[in-house]
Amino acid sequence: MKNVPKLLDTLRERFQIKSDAALARELDIVPAQISKLRGGATLGPSVILRIHEHLGMPVKEIRELAA
Numbered sequence: 125m126k127n128v129p130k131l132l133d134t135l136r137e138r139f140q141i142k143s144d145a146a147l148a149r150e151l152d153i154v155p156a157q158i159s160k161l162r163g164g165a166t167l168g169p170s171v172i173l174r175i176h177e178h179l180g181m182p183v184k185e186i187r188e189l190a191a
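Numbered per the working numbering, the sequence shown finishes at 191, counting up by one with no gaps.
Below, the structure is given as structure tokens:
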């Protein structure tokens, strides 16, 4: 998944989240994890599930945006 930063930007825009720190709080993960994802870390199943559960985005759409 090469477009994880695009996914993060889409989440922030769509759900009107002002910062990566606020996104981390929404997803109940540490801000450093968002930073690592922006830096090229792999989007794992646990983060995909958190996005789905906390923001209601379908898993298929998450994967498509991050692909």
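Heads up, the beta-carbon is just placed ideally off N, CA and C, and yes, glycines get one too.
Own chain, CB closer than 8 Å to residue i, minus 5 neighbours either side, in chain order
i	result
His-178	Glu-150, Leu-151 and Asp-152
Asp-144	Leu-132, Arg-136, Pro-155, Ile-158, Ser-159 and Arg-162
Ile-141	Leu-135, Leu-147 and Glu-150
Distance between beta carbons of residue j and residue i, contact taken as under 8 Å
i	j	result
Ile-172	Leu-132	With 8 Å as the limit, Ile-172 and Leu-132 do not qualify as a contact, their Cβ atoms being about 13 Å apart.
Ala-148	Val-154	6 Å
Residue from the options whose Cα sits closest to the Cα of residue i
i	options	result
Pro-182	Arg-162, Leu-135, Ala-146 and Gly-163	Leu-135
Other residues of its chain near residue i: CB distance less than 7 Å, five sequence neighbours each side excluded
i	result
Lys-130	Leu-189
Arg-174	Leu-151, Asp-152 and Ile-153
Sequence-distant residues of its chain with Cβ nearer than 6 Å to residue i (five each side left out)
i	result
Leu-167	Met-125, Val-128 and Ala-190
His-176	Val-183
Ala-165	none
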